[in-house]
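Quick note, the sequence shown lines up with residues 0 to 482 if you use numbering that gives the first Met the number 0. Glycine included, each C-beta is placed from N, C-alpha and C at the ideal position. What you are looking at is a predicted structure, and each value in this text was computed from that prediction instead of being measured.
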Amino acid sequence: MYNTSSQELTIYRSLAGQLQLGFFQEGERFPSVMEIATYFQVSYCPAQRALKALERDGLIKLCRGKETVVLARPHENYLESSTFQNRLSALKDLSKALELLSPSICLQGFSAMDKDVDSDHLTYEHQGKRLYHLFDQGLRALGNQTVLNLYYDIGAFLESAFLDILAKEKSEIAYKTFLESITESIFDVIEDCKQSRHDAAKKKLNDLKCLFFHDITEYFNRLQIETSCEEEQENFFWEPLKGRKKYCDLIAIDLVCKINEGRYPVESQLPNKAALAKTYHVSEITIRRTIDLLNKSGITKTFNGIGTKVQSAGNLSVLAKFKNLMIDEHLKTFLESLQFLAFTSEAVLSYTLPYCSEKSLESLAHALENGAGNFSAAITIYSVCLQIIACECPLTAIREIYQKITILLLNGSILRFGDEQQISQGDIMFQKLSQSFNDGDYKRFAKAFSQMTGQTFTEMKERLKKAGIDEVDNIADLVVSER
Numbered sequence: 000m001y002n003t004s005s006q007e008l009t010i011y012r013s014l015a016g017q018l019q020l021g022f023f024q025e026g027e028r029f030p031s032v033m034e035i036a037t038y039f040q041v042s043y044c045p046a047q048r049a050l051k052a053l054e055r056d057g058l059i060k061l062c063r064g065k066e067t068v069v070l071a072r073p074h075e076n077y078l079e080s081s082t083f084q085n086r087l088s089a090l091k092d093l094s095k096a097l098e099l100l101s102p103s104i105c106l107q108g109f110s111a112m113d114k115d116v117d118s119d120h121l122t123y124e125h126q127g128k129r130l131y132h133l134f135d136q137g138l139r140a141l142g143n144q145t146v147l148n149l150y151y152d153i154g155a156f157l158e159s160a161f162l163d164i165l166a167k168e169k170s171e172i173a174y175k176t177f178l179e180s181i182t183e184s185i186f187d188v189i190e191d192c193k194q195s196r197h198d199a200a201k202k203k204l205n206d207l208k209c210l211f212f213h214d215i216t217e218y219f220n221r222l223q224i225e226t227s228c229e230e231e232q233e234n235f236f237w238e239p240l241k242g243r244k245k246y247c248d249l250i251a252i253d254l255v256c257k258i259n260e261g262r263y264p265v266e267s268q269l270p271n272k273a274a275l276a277k278t279y280h281v282s283e284i285t286i287r288r289t290i291d292l293l294n295k296s297g298i299t300k301t302f303n304g305i306g307t308k309v310q311s312a313g314n315l316s317v318l319a320k321f322k323n324l325m326i327d328e329h330l331k332t333f334l335e336s337l338q339f340l341a342f343t344s345e346a347v348l349s350y351t352l353p354y355c356s357e358k359s360l361e362s363l364a365h366a367l368e369n370g371a372g373n374f375s376a377a378i379t380i381y382s383v384c385l386q387i388i389a390c391e392c393p394l395t396a397i398r399e400i401y402q403k404i405t406i407l408l409l410n411g412s413i414l415r416f417g418d419e420q421q422i423s424q425g426d427i428m429f430q431k432l433s434q435s436f437n438d439g440d441y442k443r444f445a446k447a448f449s450q451m452t453g454q455t456f457t458e459m460k461e462r463l464k465k466a467g468i469d470e471v472d473n474i475a476d477l478v479v480s481e482r
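Put into structure tokens, the structure is as follows:
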């Protein structure tokens with residue numbers, strides 16, 4: 000399995016992670032190929048290849064006409080394994096990232112559940128599995144494949160680290176009691192969400208976050224002091240689009256939009272390839288292909304020894320060259336990414352801004368000074384804030400995730416073409432952003448940013464529905480908490 004972004008590897012790693020957690024044992028049936036394909040929303044073939052790979056590695060035995068037999072876990076003792084040691088720094092970093100992300104994702108996911116929690120989960124002896132299934136139900140209720148892909152990769156990287164650490168740090172009875180308490184609190188949160196008590200649910204989730212991660216954080220801090228990792232550390236990596244990607248098309252249409260908006264006027268020079276590669280978090284090879292597309296479209300022209308100059312502003316005829324970016328799947332991915340940004344940005348931005356460079360703060364101040372209550376101005380502020388998080392957040396995992404979100408949001412660039420639509424209550428939102436930023440109140444700024452993003456998501460979802468893209472109706476609406 001050499002393609003690290005393939006669907007089958009995603010399935011393989013996710014199932015291996017569940018085996019490490021103790022799933023499909025003690026009489027619990029291993030799912031069939033079709034059940035796995037349905038769960039991961041893929042075709043039969045990648046699911047079948049993933050199972051064959053698990054069998055080759057001695058983890059399961061496939062029996063024709065009979066249930067699959069679980070033979071072993073990937074690691075007998077994960078905390079003593081070389082895999083855990085090689086991921087130690089990244090796991091510590093990722094645990095802090097999950098502290099920031101998980102409460103808001105849980106709040107939105109549990110609020111989106113439109114049915115009672117499956118009562119079968121109440122019968123599980125393994126409390127870790129109960130928590131896993133509750134969180135999984137919340138994720139799926141969001142209707143967001145992008146978020147699911149993120150947590151497939153997170154789960155595969157974590158394996159059983161968190162539960163193994165908690166089990167090691169506590170006695171057997173204390174460990175079981177702790178997980179029972181967490182699970183019951185989650186059920187309380189779900190009930191609050193069902194009754195639209197979102198402020199109460201948010202407070203409980205933030206309290207649970209502190210409780211759950213306390214021992215885990217202490218363990219990582221202690222272990223890093225005691226252990227010197229001589230081998231090269233493995234980093235967490237997220238690939239949201241499984242399979243081959245053409246980022247150059249996405250970047251090209253975004254640059255066309257910026258040219259059309261006057262940010263790169265005719266006769267002006269585009270930033271050099273290295274600067275564009277840094278802005279879009281891609282390689283210079285991808286940027287070179289992007290410039291080739293723009294040159295062929297007559298939008299730009301590259302001069303040896305000088306650089307690439309803008310030859311003409313984009314017009315509607317240019318869109319015909321990028322028809323593949325107007326398909327429903329691209330626009331759905333854009334809306335999923337915007338939903339993720341809306342419900343995670345408050346926590347992430349308030350955490351990141353105190354670490355922000357003076358240059359980035361000046362860029363943000365400039366964007367706010369020139370702000371108006373329309374999508375074009377909002378996009379400028381989004382771009383600056385995304386760059387701040389993707390480049391300057393102290394947490395490597397957050398930078399990795401937000402770099403990919405930045406690229407995924409380009410799927411919606413086509414919607415900006417010639418659009419000067421106003422955001423509902425846009426002037427009020429820009430005023431909140433400016434006042435909080437000028438006051439140096441980063442928490443209030445982050446909340447205002449999240450509210451503006453949520454409003455943009457709501458209006459974009461409605462716009463896409465009116466355009467006949469019915470798939471976006473499955474993406475959950477956002478709930479608002481005043482806390």
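- When the Cα atoms are used, E345 and I298 turn out to be separated by approximately 37 Å.
- For V309, the enclosing beta strand (DSSP E) has its first and last residue at G306 to V309.
- In its chain, beyond the 5 residues on either side, Y77 and L78 have a beta carbon closer than 6 Å to the beta carbon of D163.
- According to the DSSP assignment, K300 belongs to the beta strand (DSSP E) that extends over T299 to F302.
- Around the beta-carbon of K295, fewer than 16 other beta-carbon atoms lie within 10 Å, marking it exposed.
- Its Cα nearest to that of S449, the residue S349 stands out among V265, S349 and C390.
- Burial state of S336 is buried, judged by a 10 Å Cβ sphere holding 16 or more other Cβ atoms.
- Its chain contains L149, D152, E399, I400 and K403 as the residues whose beta carbon lies nearer than 7 Å to that of W237, once the 5 sequence neighbours on both sides are disregarded; these appear in chain order.
- DSSP, reduced to helix, strand and coil, places K60 within a strand of the structure shown.
- As DSSP reads the structure, V281 sits in no beta bridge.
- By DSSP's assignment, Q268 forms a beta bridge with K308.
- When rounded, the separation of the alpha-carbon atoms in K175 and G127 is 9 Å.
- If only uninterrupted alpha helix (DSSP H) runs of at least 4 residues are considered, those enclosed by the segment 67-110 are 81-85.
- L334 is classed as buried because its beta carbon has at least 16 other beta carbons within 10 Å across all chains shown.
- The alpha-carbon separation between V478 and N85 amounts to approximately 39 Å.
- Boundaries of the alpha helix (DSSP H) around D248: Y246 to N259.
- Taken in chain order, the complete alpha helix (DSSP H) segments of 4 or more residues contained in the segment 405-463 are 425-437.
- The segment 381-393 makes no contact with the segment 422-439, as fewer than three CB pairs between them are under 8 Å.
- Boundaries of the alpha helix (DSSP H) around A155: Q144 to L157.
- Apart from sequence neighbours up to five positions away, the residues of its chain that approach K95 with a beta-carbon distance below 6 Å are L394, ordered along the chain.
- In the three-state scheme derived from DSSP, where H, G and I count as helix and E and B as strand, S349 is classed as helix.
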